[in-house]
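Colleague: The structure that follows is given in the form of structure tokens.
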Amino acid sequence: MTERVVLAYSGGLDTSVAIGWIAEETGAEVIAVAVDVGQGGEDLDVIRKRALACGAVEAEVADAKDEFADEYCLPAIKANALYMDRYPLVSALSRPTIVKHLVAAAKKHGATTVAHGCTGKGNDQVRFEAGIVALAPDLKCIAPVRDYAMTRDKAIAFCEAKQLPIATTKKSPYSIDQNVFGRAVETGFLEDIWNAPIEDIYEYTSNPAVPREADEVVITFKQGVPVALDGKPVTVLQAIQQLNERAGAQGIGRIDMVEDRLVGIKSREVYEAPGAIALITAHQELENVTVERELARYKRQVEQRWGELVYDGQWFSPLKRALEGFIDEANQHVSGDIRMTLHGGRAVVTGRRSESSLYDFNLATYDTGDTFDQAAAKGFIDIYSLSSKIAAKRDLA
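Everything in the sequence shown is counted per our numbering, starting at 817 for the first residue and increasing by one.
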């Protein structure tokens, strides 16, 4: 029986060439799987037909936008997930979504191997392969660009020799990955970290320096889930999409950073994630109102570790699953409204309200009606500082 390989297929030159390349290198039949996580571009049926025309024995396409939003982006919002305190895990979240569909296709078609188009120096190879073996330990993984030295020049030559139905136009100077949660741009002149980004690289966001009217939005959450914008019910996907438009129009969500890749190198990345940044900013503020102090302090530690695990390709790991249970519990009372002004590249919270609020006006006020027992503070401070006082007497003697 001929072996079968499931290929993560984008419809572009590299993965189109990989279909025939894998067949020649391994003698296996190739099943192409394309997953729509809101990256835009061509129609899924067009992509499916191209895969078949390039030699795939089967081609599957999946509209996974709602799945991606509900099962991958939403946990990141609940976790306030920002890798290195800045990056909302745009690409890291989409990879396990795709992996799940690749593994399902492999089981359906009796494939022994899963292939992807990643290089040998990026994070995505780890995210794909660690995810695949976590769901199906017996599957093998190959990466033509990494394992068979399938360079761009070789891919173009192969495409032309086989007369594959795909354009071999000059490659964009940038490497771009995008989905509904955001967009990542790297390589080209950006590899010189002294070079400033130019306006041409952005698509999801408008120039924040251009004068325009501010936009005010009220985001409603229920147990950490965004459920309405300006009082109108939305799904998680719709919340992200609508805030991509509104926050993006105000230039919100641009991130230019040098980040620590899992493989040990530092890499300059430019991201734009308007909806993600707006939602995480709002969610963080609602947590400030509704989550008890010690729980909030500990959750910040969990958030950092959760984000690192997801960035490092450990979406399906036991620790990540366990931390997610804690995060869900911590979100039980994160319900209410956050009012934000979107303007000049910033999402600024201007109002908060919640039936689960822990903010007590009478305790907080300095005016008449103050119910805080200030007389109790002196004794509290005496006990709280006692151990330091005792140590100071010893150390200063």
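Think of the CB as a built atom: it goes at the ideal place given N, C-alpha and C, for glycine as much as any other residue.
In three-state terms, what does DSSP make of residue 1044?
Modeller: Locating residue 1044 in the sequence shown gives position 228, counting from the first residue. Residue 1044: strand per DSSP, three-state reduction.
Colleague: Taking only the alpha-carbon atoms, compute the straight-line gap between residue 1200 and residue 912 and give it to the nearest angstrom.
Modeller: Taking the sequence shown and counting its residues from 1, the one referred to as residue 1200 is at position 384. Taking the sequence shown and counting its residues from 1, the one referred to as residue 912 is at position 96. Straight-line Cα distance between these residues: approximately 47 Å.
Colleague: With 16 other CB atoms within 10 Å as the buried threshold, where does residue 1117 fall?
Modeller: Within the sequence shown, residue 1117 is the residue found at index 301, counting from 1. Exposed, because fewer than 16 other Cβ atoms sit within 10 Å of the Cβ of residue 1117.
Colleague: Is the separation between the beta-carbon of residue 834 and that of residue 872 shorter than 8 Å?
Modeller: In the sequence shown, residue 834 corresponds to position 18, counting from 1. In the sequence shown, residue 872 corresponds to position 56, counting from 1. It is not a contact, given that the beta carbons lie outside the stated cut-off.
Colleague: Please determine if the region 954-963 and the region 1096-1103 are in contact, where contact requires at least 3 C-beta pairs separated by less than 8 Å.
Modeller: With the cut-off at 8 Å, the region 954-963 and the region 1096-1103 do not touch.
Colleague: For residue 1128, name the three-state secondary structure that DSSP assigns.
Modeller: Along the sequence shown, one-based indexing puts residue 1128 at 312. Three-state DSSP puts residue 1128 in coil, outside helix and strand.
Colleague: In whole angstroms, what separates the C-alpha of residue 978 from that of residue 840?
Modeller: Taking the sequence shown and counting its residues from 1, the one referred to as residue 978 is at position 162. Taking the sequence shown and counting its residues from 1, the one referred to as residue 840 is at position 24. The alpha-carbon atoms of residue 978 and residue 840 are separated by roughly 12 Å.
Colleague: Just the Cα atoms here: how many angstroms apart are residue 1035 and residue 939?
Modeller: Here residue 1035 refers to the residue found at position 219 when the sequence shown is read from its first residue. Here residue 939 refers to the residue found at position 123 when the sequence shown is read from its first residue. Looking at the two C-alpha atoms, the distance is approximately 33 Å.
Colleague: With DSSP as the reference, label residue 1154 as helix, strand or coil.
Modeller: Start at 1 with the first residue of the sequence shown, and residue 1154 comes out as number 338. Reduced to three states, the DSSP call for residue 1154 is strand.
Colleague: Quick test of the definition: if touching needs 3 or more C-beta pairs under 8 Å, does the region 921-928 touch the region 896-907?
Modeller: No, the region 921-928 is not in contact with the region 896-907.
Colleague: Which residues in the same chain have their Cβ closer than 8 Å to the Cβ of residue 921, if we skip the five residues on either side of it in sequence?
Modeller: In the sequence shown, counting from the first residue as 1, residue 921 sits at position 105. 822, 847, 849, 876 and 927, listed in sequence order.
Colleague: What separation, rounded to the nearest whole angstrom, lies between the Cα atoms of residue 1168 and residue 1175?
Modeller: Against the sequence shown, residue 1168 aligns to sequence position 352. Against the sequence shown, residue 1175 aligns to sequence position 359. Rounded to whole angstroms, residue 1168 to residue 1175 spans 10 Å at the Cα level.
Colleague: Counting only beta-carbon atoms, is residue 1198 nearer than 8 Å to chain B?
Modeller: Of the chains in the structure shown, none is chain B; there is only one protein chain.
Colleague: Would you kindly work out how many angstroms separate the C-alpha atoms of residue 1076 and residue 842, rounded to a whole number?
Modeller: Within the sequence shown, the letter at position 260 stands for residue 1076. Within the sequence shown, the letter at position 26 stands for residue 842. Their Cα atoms are separated by approximately 35 Å.
Colleague: So which of 1143, 1063, 1195 and 1194 has the shortest CA-CA distance to residue 1032?
Modeller: Residue 1032 sits at position 216 when you count from the first residue of the sequence shown. Nearest C-alpha to residue 1032: 1063.
Colleague: If we ignore side chains and look at the alpha-carbon of each, how far apart do residue 1210 and residue 1014 end up?
Modeller: The sequence position of residue 1210 within the sequence shown is 394, counting from 1. The sequence position of residue 1014 within the sequence shown is 198, counting from 1. Approximately 60 Å, taken between the alpha carbons.
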